[in-house]
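2 protein chains.
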Amino acid sequence: MGTADRKAKEKDDLKALILKGAKKLFVDKGVEQTTIRSIADSIDYSVGTVYLHFKDKNAILHSLHTQGFSQLSADFKVLYNVNDPMERLKALGKVYIQFAGANPDMYDLMFTLKAPMEFLDAINEEEWNEGKATFEVLHTTVKQCMAIGHFTGHKSEPLAFMIWSLVHGMCSLEISKRCTGVNIKNPEHIVANAYAEFLKIIDKI
Amino acid sequence: MGTADRKAKEKDDLKALILKGAKKLFVDKGVEQTTIRSIADSIDYSVGTVYLHFKDKNAILHSLHTQGFSQLSADFKVLYNVNDPMERLKALGKVYIQFAGANPDMYDLMFTLKAPMEFLDAINEEEWNEGKATFEVLHTTVKQCMAIGHFTGHKSEPLAFMIWSLVHGMCSLEISKRCTGVNIKNPEHIVANAYAEFLKIIDKI
DNA sequence: TTGAAAAATGAACAACGTTCATTTACTTTG
DNA sequence: CAAAGTAAATGAACGTTGTTCATTTTTCAA
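If you read the protein sequences in the order shown, they are chains A and B.
Going by this note's numbering, the first sequence opens with residue 31, and the numbers climb by one from there.
Going by this note's numbering, the second sequence opens with residue 31, and the numbers climb by one from there.
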């Protein structure tokens, strides 16, 4: 059935078009400006059409969140060239921080906002594949560091989670504007400076 | 003028009553259920009356956020008994994590949600006094640790921020449900286990 | 008692996510 | 080719939300 195939393609195309409009609005204006109506308007379709392709707004935000992880994975590609696991670990954090700084709304969606997780709950999905894959990159690197003699006396998984928390925490505090107004001397460099302290530490342990 | 004083007191009383209703709703049902209407209903006043005492919803949420910091400060009081700064630093993180675990919505409001910061922006307030005071507790403790020979080669402020980020990051990931579904072996203990790794580290550096 | 000032009200507004009866477009069939 | 049937698209309508403000009610000094 050629027509059925074409129909299926058109359906996929429209779904992609909706996501494209949603992504542009999201990146340009942020989450709260990304309404179903504004998405529909931006691609010259009605609100009802959006709901023919997405169960609800959480489904759209989950798709955007998945796109964000694709982008982060792409950013991680430069790490393939770094053979020394310790150097790769250091670079990993740096790339992560750069991603968060360059895409604060997307970062929020990926790691803070409830919408993507609510979508997973709604479809009875236990696993968070995007997060799992990303954590695995870090965890693997930590294990490789340990294999060549670093971090003795530590457990790889909690240590990896600690490192994730450390870097996530900095990004989170910055994005939610908790760094300014706290009497920090150079608030604009505090994340970089704090990360530098972390780098000193992992060379010592 | 006795009547004027009484009027002022009644005004303050009603403001406190609104906050009390808001707090109960916030703690019991979470942020999104804490609507102006539900607050007004819970104390048998109309929506308009709420707006006579608070500029907008952000003002209410900012007041609740301040109450949260009062509670956190109270929780910190047990630390006064801990004389050794290193032990106090370790206990500080523990109390912080316990607070976040016991009051996830309040923690979110204090350290993640935009509302309280938007309120400060709206009244042209540059400083975030609640956050500043809390960070100062940590920063002071870190400086005291350094004064007795720990953390040599580190800068107190970025290091303190790094520690804050580390602990905040763990709480944030847990509250936003980013720990489960990531294939971590004991997700229910990951925060405690990761904090244990941190404790090992600060003893080494 | 009265009238001005203060306090409280709740209907109304715009914007949101969401639904669904209706209309439009397309495909298949006789 | 026309008619019937199916799929796609529509947008008005619903219930909530934060917010406003003309109106009503209450308070209190004169």
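Yeah, the Cβ is synthetic: ideal placement off N, Cα and C, and Gly gets one too.
How many Å lie between residue i and residue j at the Cα?
i         : j         : result
LEU189(A) : ILE73(A)  : 46 Å
ILE90(A)  : GLY179(B) : 53 Å
CYS201(B) : ILE127(B) : 6 Å
SER76(A)  : ASN213(B) : 40 Å
ASN111(B) : ALA104(B) : 13 Å
MET31(B)  : LEU44(B)  : With a pLDDT of 46 at MET31(B), under the threshold of 50, the modelled position of that residue is not reliable, and no figure is offered here.
ASN133(B) : VAL57(B)  : 8 Å
ASN223(B) : GLU40(B)  : 50 Å
TYR225(B) : VAL108(A) : 30 Å
ASP71(A)  : GLY51(B)  : 40 Å
GLN174(A) : LYS144(A) : 33 Å
ILE61(A)  : ASN113(B) : Note that residue 61(A) is Val in the sequence shown here, rather than Ile. Approximately 46 Å between the Cα atoms of the pair.
ASN238(A) : LYS53(A)  : Given a span of 31 to 235 for chain A in the structure shown, any question on residue 238(A) remains unanswerable.
LEU150(A) : ASP86(A)  : 12 Å
ASN154(A) : LYS207(B) : 15 Å
GLY183(B) : ILE220(A) : 17 Å
PHE106(A) : SER100(A) : 10 Å
THR142(B) : LEU203(A) : 7 Å
VAL80(B)  : GLY131(A) : 38 Å
How would you list, in chain order, the residues of chain B whose beta-carbon sits under 7 Å from the beta-carbon of residue i?
i         : result
VAL212(A) : TRP158, GLY161, LYS162 and PHE165
ALA224(A) : PRO188, PHE191, MET192 and SER195
Does the separation of the CB atoms of residue i and residue j fall below 7 Å?
i         : j         : result
GLY98(B)  : MET136(B) : yes
GLU148(A) : GLY211(B) : no
ASP138(A) : ILE205(A) : yes
MET140(A) : HIS198(A) : no
PRO192(B) : GLU227(A) : According to the sequence as given, residue 192(B) is Met; it is not Pro. Their beta carbons are under 7 Å apart, which means MET192(B) touches GLU227(A) by this criterion.
PRO115(A) : THR171(A) : yes
LYS120(A) : LEU229(A) : yes
HIS92(A)  : ILE48(A)  : no
LYS234(B) : ILE235(A) : yes
LEU196(B) : LEU196(A) : yes
Anything in chain B within Cβ reach of residue i, meaning under 9 Å, just list it in chain order.
i         : result
LYS185(A) : ASN223, ALA226 and GLU227
Under 9 Å Cβ-Cβ, which residues of chain A neighbour residue i?
i         : result
GLY199(B) : MET192, TRP194, SER195, LEU196, VAL197, HIS198, GLY199, MET200, CYS201, SER202 and LEU203
PHE56(B)  : None at all; the shortest Cβ gap to chain A is about 16 Å.
PHE141(B) : SER202, LEU203, SER206 and ARG208
At 8 Å on the CB atoms, spell out the chain B contacts of residue i, in chain order.
i         : result
LYS207(A) : LYS144 and MET147
Check the Cβ of residue i against every Cβ in chain A and list those closer than 8 Å, keeping chain order.
i         : result
LYS215(B) : GLU187
Quiz item: Which runs of the alpha helix (DSSP H) spanning at least 4 residues fall entirely within the stretch 44–95 of chain A, listed in chain order?
Solution: 66–72 and 77–83
Quiz item: What are the complete alpha helix (DSSP H) segments, minimum 4 residues, inside the stretch 135–176 of chain B?
Solution: 145–152
Self-check item: Runs of alpha helix (DSSP H) wholly within the stretch 176–216 of chain A (minimum 4 residues, chain order)
Solution: 186–205
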